[in-house]
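Report on one structure; see the data block that follows.
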Amino acid sequence: MKTIDFENELNAEQFAAASAGEGPMLILAAAGTGKTRTLVYRVAYLVSQGIDPERMLLLTFTNRAAKEMVERANELVGHPAGIPWSGTFHHIANRILRRHATLLDYRNNYTIMDRDDSRKLMANCVKELKLQSKEFPKRDVLLHVLGMATNSEQALGDAIADHFDDHDVDQRAVLAVLKLYIAKKRELDAMDFDDMLVNCLKLLREHPSVRDRYAMQFQYVLVDEYQDTNRIQAELVNLLAGHHKNLFVVGDDFQSIYSWRGADYRNIIDFKLRYPDARIYKLETNYRSVPEVLALANATVGASGHPEEFRKTLRATREAYHSPTVARLRDGEHQARFVVDRIQHFMREGYRPSDMVVLYRAHFHAMELQLALTRGHVPHVITSGMRFFEQAHIKDMLCLLRVLSCPEDALAFDRLLCLLPGVGTMTAQKLWKKLGNRFDTSDPEARSLLLNSLRKGAQPRWEKVDPILAAYHDEELSREGGTIIQRFLDAFYDTYAVDSFENYDSRIDDIRELVLHTEKFDSIEQCLSDVALLTNLDAEAENLSPDQRNAIRLSTVHQAKGLEWPVVIIIWATEGMFPSPRSVNESDEGEAEERRLFYVAATRAKDELVLCTPEVRRMRDGGIMYCQPSRFIEELPVEVTSSRRIGFI
DNA sequence: GTTTCGGTTCTTTTT
DNA sequence: GAACCGAAAC
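If you read the first sequence in our numbering, its first letter stands for residue 13, the second for the next number, and so on.
Structure representation (structure tokens):
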């Protein structure tokens, strides 16, 4: 093992935190102050102290962050130790639950519902109670309310009352729907994302022997991005670190941007209350950005009325450069041309395409720009709104694997059957009942019953699929997810895809990609469980092709969290776009969060920061709408930016 | 009673 | 693009 000169390789603030002894610790790390570095060195420090990596728990926001952290720590330590217990909250919760789910009356191979599954199920509930009407809240709203209740441990009725306030909504009907949804989920033996956390917490609370086992095991618990944890997650952390109490949490309350998902930056503020002996370390020395970018960031914090004691003032270490630019543009079209022009300008100055990013509040803000970049032959990658594993064709493949590995998976059965012509949800549900609420693909009788029950038009198509089901059991393909998918594609899906998708080619490419991905796993179960928790970012980061690696990145601000680029261009920094009107309408808290989002966006920049504010929005009905620059620009002191009105290019 | 298809409307942020 | 709704087609 390498010896590391911790004191020399870190600054004083970072060193103090990384080498601290035992007990609860809160690291308040402002943007670009080496937060990840500190965490990595902390891990390395613990390893150098002889702590067994098996006895550490490293919770991060994304799988990518966990991976990066472990890789960097390994490099530092000089041998591949790995931290076996590292990953997202959902990952860890899932891992614990898979072992003990029966204690909560779930099967150990419970199914994980993704967003799509949840939405379908919710729609069913509304239908079943005959509540569909224009007036009744949409299923996304219903899911949101349920999510808020779950994540903040609020009673359903209260959450409903909070959300609908004095609006004219039948709250009792809403309650009935949500209860039905919960019951159905239970019946399906399925957990959605929130359930995994809630149930893990429940498990630890109600089963002391399980809790003690993990609390004893995890001698050191480290949490990244603590400001984005919700109540459930914070409580999970408390229990898991409950025995040794060596809890090391890192976060920046001013970068809390997930309150709509129940995240509560007060977890940071209240940390000291929960752990009165907690030590607090502040990291304020910024290594990332030029002082002018930091001046803007500090001004944004200054305009916010954020609690004084948690305020961090970013101290610059880099030399003076020049101010961020505010570009006043005519409209979206003009903005797109301007961005292309700026990109070319920066490339002439020596920046590579991968040094640059375009950030925006919502995915659809980037549409015009995508066109312009394509027309101008500027290489670019988009961290798309649609995740790889949520796309229809990928889910179609996965549902076959689900049906094979779990006879009780009604949702997967439904999806698979609906691929057949003339079969819809209704038919699928009837067949499911007829089969006895389970479809055991290893049972030849069940298979032939299904085949014979199908209507004429669907039978010949299913005859192509049936042999694959048989082969799965006969040829013992339970490890060969890729082979199954390949056969399914050849025998059935290829024809289906040609008829259904205009972008047939790229979808087939995706499926090939999926086949490759499945080969990394030992079993289909493991693969499915893993895939359900992966995000597009995690999948994409691994599979970037060389030309994608050398491309401009387009991303939402949320997805850019934790990353940095020499050149950052923010588009649609106008009222009505950023801040998002929906958030601002809701409450003051909404505006505060949008401001934090703006801060996150700005602090991604190392050298160049360009803020674009078009003056006109072209609406889809052909009308035009005048927009003011974003309030987050207007509230800045004049000297912080250099403003320019751009004419036609 | 179901399914499918075509027209219409609206896009927040994610594990 | 995709989700929703209504009406035609099975």
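Just so you know, even glycine gets a beta-carbon here, dropped at the ideal spot from N, CA and C.
Cβ-Cβ separation, residue j to residue i (assumed contact under 8 Å), whole Å
i	j	result
E606	P591	3 Å
Y122	D201	5 Å
R54	A28	Rounded, the Cβ-Cβ distance is 11 Å, inconsistent with contact.
R327	E296	5 Å
L581	R354	For the sequence presented, residue 581 should be read as Ile rather than Leu. Indeed, because the Cβ distance is near 6 Å, the residues count as touching under 8 Å.
H485	S454	4 Å
V652	S268	With a Cβ gap of about 23 Å, V652 and S268 do not count as contacting.
Y234	L51	Note that residue 234 is Leu in the sequence shown here, rather than Tyr. Indeed, because the Cβ distance is near 6 Å, the residues count as touching under 8 Å.
G274	R300	In fact, because the Cβ distance is near 29 Å, the residues do not count as touching under 8 Å.
I281	L40	So it is not a contact: roughly 10 Å between Cβ atoms.
N298	L306	6 Å
Y372	I583	5 Å
V189	L143	6 Å
Inter-residue spacing [alpha-carbon to alpha-carbon] between residue i and residue j
i	j	result
H219	D204	22 Å
M643	S595	It should be noted that the sequence gives Arg, not Met, for residue 643. Going by the C-alpha atoms only, they are around 14 Å apart.
Y516	E525	14 Å
E83	R657	45 Å
L213	N163	11 Å
G544	L423	The sequence shown places Ala at residue 544, rather than the Gly named in the question. Using only the alpha carbons, I get a separation of about 14 Å.
D511	F322	58 Å
Q316	Y611	As written in the sequence, residue 316 is Ser, which differs from the Gln given in the question. Taking the straight line joining both Cα atoms gives about 11 Å.
F660	R340	Residue confidence is low: F660 scores 47 on pLDDT, short of 50, so the model does not pin down where it sits. No coordinate-derived value is stated.
P433	F513	15 Å
E487	D478	14 Å
L187	V138	11 Å
D17	Y57	10 Å
K294	G44	13 Å
D534	V527	13 Å
D126	H102	12 Å
Y270	H375	17 Å
V370	S655	19 Å
A161	V249	20 Å
L61	A290	The residue asked about is misnamed: residue 61 is Gln in this sequence, not Leu. Answer to the nearest angstrom: the Cα atoms are 21 Å apart.
N464	H529	35 Å
C639	T625	8 Å
N673	H392	The structure shown does not extend to residue 673, since the chain spans only 13 to 661, so no value can be given for it.
V1	V59	Given that the chain is displayed from residue 13 to residue 661, the structure contains no residue 1 and the question cannot be resolved.
Close Cβ partners of residue i (< 8 Å) along its chain, the five nearest in sequence each way excluded
i	result
P578	Y363, D367, M368, A617, K618, D619 and E620
Q183	G169, I172, A173 and F176
D522	F400, Q403, H405 and I406
A5	The structure shown does not extend to residue 5, since the chain is modelled only from 13 through 661, so no value can be given for it.
T329	T297, N298 and Y299
Chain-order list of residues whose beta-carbon lies under 6 Å from that of residue i (same chain, five-residue window excluded)
i	result
L216	R223 and L251
Q26	G46 and T50
K468	none
Own chain residues within Cβ distance below 7 Å of residue i, not counting five before or after
i	result
Q229	R67
P649	A311
I480	I496, R499, F500 and A503
G388	V352
E380	G344, E345 and A348
A458	L447, F451 and D452
P149	V181 and V186
Proximity test, residue i beta-carbon vs the ligand NAP heavy atom, cut-off 8 Å
i	result
V52	The ligand NAP is not part of the structure shown, which contains no ligands of any sort.
_Three CB pairs or more closer than 8 Å across the stretch 603–620 and the stretch 405–416_ = no
*Sufficient close CB pairs (3 or more, under 8 Å) joining the stretch 111–124 to the stretch 254–272*: no
*asked:* Three Cβ pairs or more, each shorter than 8 Å: is that satisfied between the stretch 172–181 and the stretch 89–103?
replied: no
*Three or more C-beta pairs closer than 8 Å, one from the stretch 65–84 and one from the stretch 332–352: is that the case here?*
no
_Counting beta carbon pairs with one atom in the stretch 35–45 and one in the stretch 494–511, are three or more of them shorter than 8 Å?_
Taking 8 Å as the limit for Cβ pairs, the verdict is that the stretch 35–45 does not touch the stretch 494–511.
_Below 8 Å, how does it come out for the stretch 150–166 and the stretch 182–197: are there three or more Cβ pairs, yes or no?_
Yes, they touch.
*Within the stretch 198–235, ranges of the beta strand (DSSP E) (whole runs, at least 3 residues)*: Fully enclosed beta strand (DSSP E) runs of 3 or longer: 232–235.
*asked:* If we require 4 or more residues per run, which alpha helix (DSSP H) segments fall completely within the stretch 139–166?
replied: Runs of alpha helix (DSSP H) with 4 or more residues, each lying fully within the stretch 139–166, are found at 151–163, listed in chain order.
*In chain order, which alpha helix (DSSP H) runs of at least 4 residues are fully inside the stretch 54–115?*
Runs found: 75–89 and 101–112.
_Cβ contact (3+ pairs, closer than 8 Å) linking the stretch 464–473 and the stretch 431–449_ = yes
_alpha helix (DSSP H) runs contained entirely in the stretch 268–349, provided each spans 4 or more residues_ = 278–281, 283–286 and 303–314
*Output the residue ranges of the beta strand (DSSP E) runs that lie fully inside the stretch 603–655 and measure 3 residues or longer, sorted by chain position.*
617–630 and 636–638
*asked:* Suppose only complete runs of 4+ residues qualify. What are the alpha helix (DSSP H) ranges in the stretch 482–543, listed by chain order?
replied: 493–500, 506–512 and 516–530
*asked:* Going residue by residue through the stretch 413–463, where are the continuous alpha helix (DSSP H) segments of at least 4 residues, counting only ones entirely within it?
replied: 422–429 and 437–446
*Can you list, in chain order, the stretches of the beta strand (DSSP E) that have 3 or more residues and sit fully within the stretch 356–412?*
368–372 and 392–394
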